[in-house]
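Undergrad: If you read the sequences in order, they're chains A, B, C and D.
In terms of the numbering used here, the first sequence opens at residue 260 and continues consecutively.
In terms of the numbering used here, the second sequence opens at residue 260 and continues consecutively.
In terms of the numbering used here, the third sequence opens at residue 260 and continues consecutively.
In terms of the numbering used here, the fourth sequence opens at residue 260 and continues consecutively.
Heads up, the beta-carbon is just placed ideally off N, CA and C, and yes, glycines get one too.
Number of protein chains: 4
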Amino acid sequence: MDYQSIINKIYNEVQPEVGKGRVADYIPALRNIDDHQFAMAVVTVAGKEFTVGKTDENFSIQSISKVFTLTLAMKDIGNKLWERVGREPSGTSFNSLVQLEYENGIPRNPFINAGAIVVSDAIFEGRGKTKNRILKFVRELSGNNTITFDEEIAESERIYGNRNRAMANLIKSFDNLTNQADDVLDIYFHQCAIAMNTLDLAKSFLYLANSGIDPKSGQQILDSRMCKKMNSLMLTCGLYDAVGDFAYRVGLPGKSGVGGGIVAVVPNELAVAVWSPALNKYGNSYAGTKALELFTTYANNSIF
Amino acid sequence: MDYQSIINKIYNEVQPEVGKGRVADYIPALRNIDDHQFAMAVVTVAGKEFTVGKTDENFSIQSISKVFTLTLAMKDIGNKLWERVGREPSGTSFNSLVQLEYENGIPRNPFINAGAIVVSDAIFEGRGKTKNRILKFVRELSGNNTITFDEEIAESERIYGNRNRAMANLIKSFDNLTNQADDVLDIYFHQCAIAMNTLDLAKSFLYLANSGIDPKSGQQILDSRMCKKMNSLMLTCGLYDAVGDFAYRVGLPGKSGVGGGIVAVVPNELAVAVWSPALNKYGNSYAGTKALELFTTYANNSIF
Amino acid sequence: MDYQSIINKIYNEVQPEVGKGRVADYIPALRNIDDHQFAMAVVTVAGKEFTVGKTDENFSIQSISKVFTLTLAMKDIGNKLWERVGREPSGTSFNSLVQLEYENGIPRNPFINAGAIVVSDAIFEGRGKTKNRILKFVRELSGNNTITFDEEIAESERIYGNRNRAMANLIKSFDNLTNQADDVLDIYFHQCAIAMNTLDLAKSFLYLANSGIDPKSGQQILDSRMCKKMNSLMLTCGLYDAVGDFAYRVGLPGKSGVGGGIVAVVPNELAVAVWSPALNKYGNSYAGTKALELFTTYANNSIF
Amino acid sequence: MDYQSIINKIYNEVQPEVGKGRVADYIPALRNIDDHQFAMAVVTVAGKEFTVGKTDENFSIQSISKVFTLTLAMKDIGNKLWERVGREPSGTSFNSLVQLEYENGIPRNPFINAGAIVVSDAIFEGRGKTKNRILKFVRELSGNNTITFDEEIAESERIYGNRNRAMANLIKSFDNLTNQADDVLDIYFHQCAIAMNTLDLAKSFLYLANSGIDPKSGQQILDSRMCKKMNSLMLTCGLYDAVGDFAYRVGLPGKSGVGGGIVAVVPNELAVAVWSPALNKYGNSYAGTKALELFTTYANNSIF
């Protein structure tokens with residue numbers, strides 16, 4: 260079965276699941292989204308694209324952006340980042356302060372909020388400059404120059420961001436934040452508010468399926484060893500506190516966001532993105548997780 | 260033995276202990292204090308005063324101020340405060356965020372930092388107005404109109420206050436802070452920076468030894484039942500995570516601060532204050548704790 | 260108002276509260292008790308006794324027994340016990356293993372289960388000998404030679420004692436248990452199963468109100484300083500995780516058990532015991548706590 | 260470079276690392292092992308074997324045995340096991356009781372001690388019968404009928420097993436243990452004491468590289484989907500609290516034991532086992548981890 264047939268089949272099968280779960284409601288700007296939407300896109304390293312559903316509808320990528328900023332930090336300082344952030348699954352909720360307190364302000368991994376805040380601090384060069392760099396990077400990866408921040412969501416994140424603000428200040432109290440908490444949070448709130456569509460999301464992860472090389476431009480985004488390591492980090496830490504469940508059911512390195520997007524990578528073959536806003540109890544897209552589980556079943560391409 | 264003889268005797272006995280331990284060093288403004296200072300003052304409800312050592316030297320009362328703001332909050336809203344703050348010993352460090360996260364932003368008691376921040380929020384009526392009210396209250400209790408904030412210390416608290424800022428934002432994320440975190444922290448940082456001397460401190464706690472009535476003015480600060488409750492709170496929660504040790508060794512309701520002050524109350528009889536800046540591992544004055552232990556031994560007046 | 264009038268008045272007032280809450284149900288042997296029972300007894304150091312309700316009905320004293328074994332350990336090894344057990348409120352549930360794990364097998368205080376297990380280990384001299392000694396001690400204190408273990412309850416504790424067994428083995432894994440876990444637990448399960456009535460319970464705590472001297476026999480059970488310390492421990496640690504609440508509402512050193520008994524001490528004056536089997540959410544007698552709150556209000560004799 | 264050349268090269272390169280770290284010392288029976296030993300074996304699904312070092316020296320496989328018992332449980336009850344055990348990385352130490360207490364006796368995953376104890380309970384059919392079944396299974400997988408329990412180690416585990424005993428009793432207190440704690444622990448202590456050599460270990464994991472089929476016998480040990488899931492579990496939970504680090508550096512599903520063994524799987528291709536007794540701070544073989552990192556680097560066969 261070719262990928263188009265597979266995702267068509269999945270599209271039909273997941274219809275009863277679309278809308279199950281609950282959309283993210285921690286900020287008003289996300290609360291009112293229509294929860295009956297679904298999109299799925301596959302792009303291969305060979306350059307083929309397969310789509311089904313609303314793959315040109317923009318959504319808030321939220322935590323998926325942590326992969327982009329981590330990639331930038333890896334390019335900038337490489338393994339030195341690991342002096343400031345761990346690489347282990349957290350075993351606790353993505354926004355927990357407990358682990359930070361017990362472990363002296365060193366976040367467990369770069370994909371929990373605390374870790375991503377440290378990563379944003381590591382690449383900080385001024386509010387405007389850093390935000391521009393992130394946007395430029397995502398635009399290049401996706402090939403879509405219209406991708407931008409949803410400022411309404413960024414502002415909503417800021418207003419309701421007391422817990423992230425607590426986290427940034429706690430990290431700073433342990434001297435693990437170089438810049439001002441509010442400056443770093445401005446980057447963090449904006450990266451979470453990047454709006455892009457499902458197809459562009461799949462495209463922008465393709466370098467992780469291609470030994471670190473963007474197949475469009477031929478540009479080496481990460482060296483091949485670092486690319487493998489990025490995938491391993493996504494597998495062990497990318498799905499909040501459902502990494503074990505996701506690895507068990509889907510079996511691919513991936514990253515999710517509370518906007519309902521999930522993107523995953525089959526090394527040397529493809530990137531696959533899904534989007535459906537209603538979330539399961541772990542904060543991952545309900546229908547999206549199901550769709551990816553079917554995908555590795557039908558395509559028989561989990562990494563295990 | 261009369262109280263003057265007792266404290267003279269204590270003064271001599273604790274000399275070898277004065278300077279043991281370490282002065283608070285979390286802010287530069289406290290770090291350089293001469294650690295070989297000691298003062299002790301006893302004031303009775305009958306109006307007698309007994310002093311030894313540097314009892315007219317001002318110091319930063321720090322957490323002792325939490326008793327003053329709690330008293331104001333009790334006057335304002337009484338038992339309604341307990342919807343927002345617990346009354347149990349924390350079992351964890353005074354500046355821990357763990358308990359807050361596990362217990363939905365309800366601080367365990369009003370004497371840990373998080374609890375005092377909520378109390379400051381409860382009495383907040385604007386930065387200037389609230390600070391003036393606190394100052395006026397302490398001046399009336401002590402009878403000393405020159406008592407004021409040490410603005411250098413308050414500013415140092417602000418600059419190095421990332422952990423308290425983390426705490427305030429975490430509380431706010433649980434909707435247990437009505438005002439802006441920075442506004443409430445301004446009150447909190449200033450109340451900690453109240454500078455007063457050991458004799459004034461003893462005087463200003465005398466209402467708690469006198470069924471809630473200030474013996475100088477005859478004014479009812481707290482009703483007699485609430486006064487007992489305040490004492491019980493000091494006994495179970497007033498000494499950071501050394502309440503058990505302090506109750507075991509001293510046996511009086513008391514409150515300590517990292518400036519090296521400790522003040523305690525013998526109900527219906529007296530208030531006793533000590534000051535010596537070097538702290539034991541719990542953050543309580545090393546020599547001060549020792550002096551109070553000797554005091555209840557020689558005067559045989561622990562509440563047990 | 261004399262004590263008899265006070266407790267009569269309390270008896271009437273608490274009737275609507277008797278039966279509120281839930282009887283302990285963790286072992287079948289306790290589950291079926293009639294929850295509409297109430298008794299209250301006051302005995303003074305001067306030798307007066309006042310009773311109301313079913314004060315000659317035996318009940319399972321459970322954790323109240325921890326005061327008896329701690330007294331024996333204090334007599335045996337005094338302050339050396341504190342190398343093995345702390346003296347701070349736990350801040351967590353009475354049967355938590357978390358604190359033990361974080362603090363290397365040193366229980367936070369002698370009144371949580373883990374601490375009482377270490378105390379039982381400290382006085383262990385063989386199963387039979389130790390149980391006999393405890394029984395003899397309680398009989399002497401109460402003057403009632405018929406007091407004995409309820410073997411059905413002791414057996415039920417053993418059968419359903421997996422959590423205590425976990426605790427004892429965890430303590431042993433940290434080398435803080437000298438004897439075999441099962442031997443120590445045999446003592447522990449039996450001491451919890453001591454059956455006595457409310458009047459005898461008040462009598463057997465009278466030494467703690469009398470500077471450590473049993474007023475009947477004139478025997479010095481504990482020296483006067485140690486007696487005060489025991490009272491301070493009860494106040495800061497004696498009511499599970501409701502010590503702050505109990506100190507706030509009642510204001511006396513006391514100890515409760517899940518059998519529905521609570522006993523408290525007014526230093527130099529009296530011991531007061533209540534019993535009513537239905538428990539509040541903290542595991543303390545619902546009506547009993549209320550009765551003691553009224554007692555210190557009417558008699559105006561809290562220690563604060 | 261063929262596999263023999265690769266492991267020869269690795270053998271030379273890791274020599275300076277062999278002996279670094281510390282051998283397990285929690286039981287006397289493991290303490291005195293010569294820490295300068297090293298062995299590495301690769302077996303392919305095509306039937307080739309490559310060895311270097313002391314690959315015929317028996318050692319205690321310890322936690323690696325958890326994969327064998329989990330496989331048996333999967334065969335017996337399949338996904339029903341997940342009602343009793345989670346599938347997420349623990350984020351805490353392999354022998355922690357904290358997580359158990361907070362999560363009602365449901366171990367976070369089958370590879371921490373608590374989880375393995377529940378798995379042993381799930382396959383329990385009597386002490387002798389269960390131990391025989393485990394031994395028979397390992398003998399069939401490895402093709403070596405002399406593999407047996409090291410009874411001295413099993414007895415040492417029992418004697419010093421207070422923490423595991425605590426764990427089993429805690430699990431039982433939550434009704435998540437069907438059989439007697441001591442019976443289940445007898446299985447657990449014995450499975451940890453299986454002695455086998457590095458080559459046999461690699462052979463006995465080959466079914467996990469071969470879609471669940473033992474290539475020697477052609478027998479389907481696990482169906483192909485379940486085999487993938489087992490590999491995903493090893494990747495996310497198999498290396499104690501160093502799963503992230505191992506995935507980052509090695510990039511293969513694997514399982515380690517404190518006896519110094521580690522075995523890993525390249526799906527569809529091979530199983531690789533290493534042994535070197537000195538452990539890094541996470542409890543994984545120091546030289547063994549290094550050797551596997553070099554292996555996936557030189558063979559370029561991590562799953563990412």
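Using beta-carbon positions only, say whether D/VAL397 and D/ILE453 come within less than 8 Å of one another.
TA: For the purposes of this step, residue 397 of chain D is taken as residue 138 along the fourth sequence, with counting starting at 1. For the purposes of this step, residue 453 of chain D is taken as residue 194 along the fourth sequence, with counting starting at 1. It is a contact, given that the beta carbons lie within the stated cut-off.
Undergrad: Measuring straight from C-alpha to C-alpha, what distance separates D/THR310 and A/TYR419?
TA: On the fourth sequence, residue 310 of chain D is found 51 positions in, with the first residue counted as 1. On the first sequence, residue 419 of chain A is found 160 positions in, with the first residue counted as 1. Cα to Cα, D/THR310 sits roughly 59 Å from A/TYR419.
Undergrad: Where does D/THR495 sit, in a helix, a strand or coil, going by DSSP?
TA: For the purposes of this step, residue 495 of chain D is identified with residue 236 of the fourth sequence, where counting begins at 1. Helix.
Undergrad: Which of helix, strand or coil does DSSP assign to D/ALA461?
TA: Here residue 461 of chain D corresponds to residue number 202 of the fourth sequence, with the count starting at 1. It is helical.
Undergrad: May I ask you to verify whether the segment 525-540 of chain D touches the segment 291-301 of chain D, counting CB pairs closer than 8 Å and requiring at least 3?
TA: Segments in contact, yes.
Undergrad: Select from the segment 397-430 of chain C all residues with a C-beta closer than 9 Å to any C-beta belonging to chain D, and list them in chain order.
TA: For the segment 397-430 of chain C, which is checked against every Cβ of chain D, the residues closer than 9 Å are TYR419, GLY420, ASN421, ARG422, ASN423, ARG424, ALA425, MET426, ALA427, ASN428, LEU429 and ILE430.
Undergrad: Is it buried or exposed, A/GLY508, if we count other Cβ atoms within 10 angstroms and call 16 or more buried?
TA: To locate residue 508 of chain A, count along the first sequence from 1; it is residue 249. According to the sequence as given, residue 508 of chain A is Arg; it is not Gly. When all chains shown are included, A/ARG508 counts as buried.
Undergrad: Would you report the Cα separation of D/LYS268 and D/ASP261, rounded to the nearest angstrom?
TA: Counting from 1 along the fourth sequence, the entry for residue 268 of chain D is found at position 9. Counting from 1 along the fourth sequence, the entry for residue 261 of chain D is found at position 2. Whole-angstrom Cα-Cα distance: 11 Å.
Undergrad: What did DSSP end up calling B/MET299 once you bin it into helix, strand or coil?
TA: Walking along the second sequence from the start, residue 299 of chain B turns up at place 40. Here B/MET299 sits in strand by DSSP.
Undergrad: Under 8 Å between C-beta atoms, does B/SER349 make it to chain C?
TA: In the second sequence, residue 349 of chain B corresponds to position 90, counting from 1. Chain C contact via Cβ: present.
Undergrad: Expressed to the nearest angstrom, what Euclidean distance is found between the alpha-carbon atoms of D/GLU552 and A/GLN450?
TA: On the fourth sequence, position 293 is the one that residue 552 of chain D refers to. On the first sequence, position 191 is the one that residue 450 of chain A refers to. If I take the Cα positions, the gap works out to 34 Å.
Undergrad: C/LYS279 by DSSP, collapsed to three states: which one?
TA: Against the third sequence, residue 279 of chain C aligns to sequence position 20. The answer is coil: DSSP assigns C/LYS279 none of H, G, I, E or B.
Undergrad: Taking CB distances under 8 Å as the criterion, tell me whether D/GLU384 reaches chain C.
TA: On the fourth sequence, position 125 is the one that residue 384 of chain D refers to. Output row for D/GLU384: interface = no.
Undergrad: How far does the alpha helix (DSSP H) with A/VAL326 in it extend, from its first residue to its last?
TA: Locating residue 326 of chain A in the first sequence gives position 67, counting from the first residue. Here the alpha helix (DSSP H) through A/VAL326 covers 324-336.
Undergrad: Using 8 Å as the limit for Cβ to Cβ distance, is D/LEU356 near chain C?
TA: Walking along the fourth sequence from the start, residue 356 of chain D turns up at place 97. It does; some Cβ of chain C falls within 8 Å.
Undergrad: The beta strand (DSSP E) spanning C/ALA454 covers which residue range?
TA: Mapped onto the third sequence, residue 454 of chain C falls at position 195. Counting along the chain, the beta strand (DSSP E) containing C/ALA454 begins and ends at 453-455.
Undergrad: Along the segment 440-473 of chain C, where does the CB come closer than 7 Å to a CB of chain B? Name the residues.
TA: From the segment 440-473 of chain C, no residue has a Cβ closer than 7 Å to chain B.
Undergrad: Would you tell me roughly how many angstroms separate the C-alpha atoms of B/PHE448 and B/ILE320, rounded to the nearest one?
TA: Counting from one through the second sequence, the residue named residue 448 of chain B turns up at place 189. Counting from one through the second sequence, the residue named residue 320 of chain B turns up at place 61. Approximately 11 Å between the Cα atoms of the pair.
Undergrad: Under 7 Å between beta-carbons, which chain D residues line up against C/GLU360? List them in chain order, please.
TA: Along the third sequence, one-based indexing puts residue 360 of chain C at 101. In chain order: SER355, LEU356 and VAL357.
Undergrad: Within 10 angstroms of its Cβ, does D/TYR361 collect 16 or more other Cβ (buried), or is it exposed?
TA: Taking the first residue of the fourth sequence as 1, we reach residue 361 of chain D at position 102. D/TYR361 comes out exposed.
Undergrad: Name the two residues that bound the continuous alpha helix (DSSP H) containing D/GLU308.
TA: Reading the fourth sequence from its first residue, position 49 is the one you call residue 308 of chain D. Unbroken run through D/GLU308 is the beta strand (DSSP E), 308-312; no alpha helix (DSSP H).
Undergrad: In whole angstroms, give me the CA-to-CA distance for C/ASN456 and C/GLU316.
TA: The residue labelled residue 456 of chain C in the question sits at position 197 within the third sequence. The residue labelled residue 316 of chain C in the question sits at position 57 within the third sequence. Looking at the two C-alpha atoms, the distance is approximately 5 Å.
Undergrad: Just checking: is the beta-carbon of B/TYR557 within a distance shorter than 8 Å of some beta-carbon in chain C?
TA: In the second sequence, the residue the question calls residue 557 of chain B occupies position 298. No, its Cβ sits nowhere closer than 8 Å to a Cβ of chain C.
Undergrad: Taking D/LEU458 as the reference, which of D/VAL282, D/LYS307 and D/GLU272 has the closest Cα?
TA: Working through the fourth sequence from its first residue, we reach residue 458 of chain D at position 199. When only C-alpha atoms are compared, the closest one is D/LYS307.
Undergrad: Entirely within the segment 465-515 of chain C and at least 4 residues each: give me those alpha helix (DSSP H) ranges in chain order.
TA: Here the runs fully enclosed are 465-468, 483-496 and 502-508.
Undergrad: Of the residues C/GLN296, C/TYR285 and C/ILE286, which one's Cα is nearest the Cα of C/GLY278?
TA: By 1-based counting over the third sequence, the position of residue 278 of chain C is 19. Ranking C/GLN296, C/TYR285 and C/ILE286 by Cα distance to C/GLY278 puts C/GLN296 first.
Undergrad: Identify the contact partners of C/SER432 in chain D, using a Cβ-Cβ distance below 7 Å as the criterion.
TA: Against the third sequence, residue 432 of chain C aligns to sequence position 173. Within 7 Å Cβ-Cβ: ASN421, ARG422 and ALA425.
Undergrad: DSSP three-state label for B/ILE430, please.
TA: Residue 430 of chain B sits at position 171 when you count from the first residue of the second sequence. If DSSP states are grouped into helix, strand and coil, B/ILE430 belongs with the helices.
Undergrad: Less than 8 Å between the beta carbons of A/ASP504 and D/GLU342, yes or no?
TA: If you number the first sequence from 1, residue 504 of chain A lands on position 245. If you number the fourth sequence from 1, residue 342 of chain D lands on position 83. Their beta carbons are not under 8 Å apart, which means A/ASP504 does not touch D/GLU342 by this criterion.
Undergrad: Answer with yes or no whether the minimum CB distance from A/PRO512 to chain D is below 8 Å.
TA: The residue labelled residue 512 of chain A in the question sits at position 253 within the first sequence. Closer than 8 Å: yes.
Undergrad: What three-state label does DSSP hand D/ALA532 in the structure shown?
TA: Here the question's residue 532 of chain D lines up with position 273 in the fourth sequence. In the structure shown, D/ALA532 sits in a strand (DSSP, three-state: E or B).
Undergrad: In terms of residues, what are the limits of the beta strand (DSSP E) holding A/SER355?
TA: Here residue 355 of chain A refers to the residue found at position 96 when the first sequence is read from its first residue. Premise fails: A/SER355 is in no beta strand (DSSP E) and is neither H nor E.
Undergrad: For B/PRO287, count neighbouring Cβ atoms within 10 angstroms of its own Cβ and tell me buried if that reaches 16, exposed if not.
TA: As a working note, residue 287 of chain B is residue 28 in the second sequence. With fewer than 16 Cβ atoms within 10 Å of its Cβ, B/PRO287 is classed as exposed.
Undergrad: In chain B, which residues lie less than 8 Å from C/ASP500 when you measure between Cβ atoms?
TA: In the third sequence, counting from the first residue as 1, residue 500 of chain C sits at position 241. GLU347, listed in chain order.
Undergrad: Which of helix, strand or coil does DSSP assign to A/ASN564?
TA: Since the displayed chain A opens at 260 and closes at 563, residue 564 of chain A lies outside it and no answer follows.
Undergrad: Do you know how far the Cα of D/VAL378 is from the Cα of C/PHE365?
TA: The count along the third sequence starts at 1 and reaches residue 365 of chain C at position 106. The count along the fourth sequence starts at 1 and reaches residue 378 of chain D at position 119. It should be noted that the sequence gives Ile, not Phe, for residue 365 of chain C. Their backbone Cα atoms lie some 31 Å apart in a straight line.
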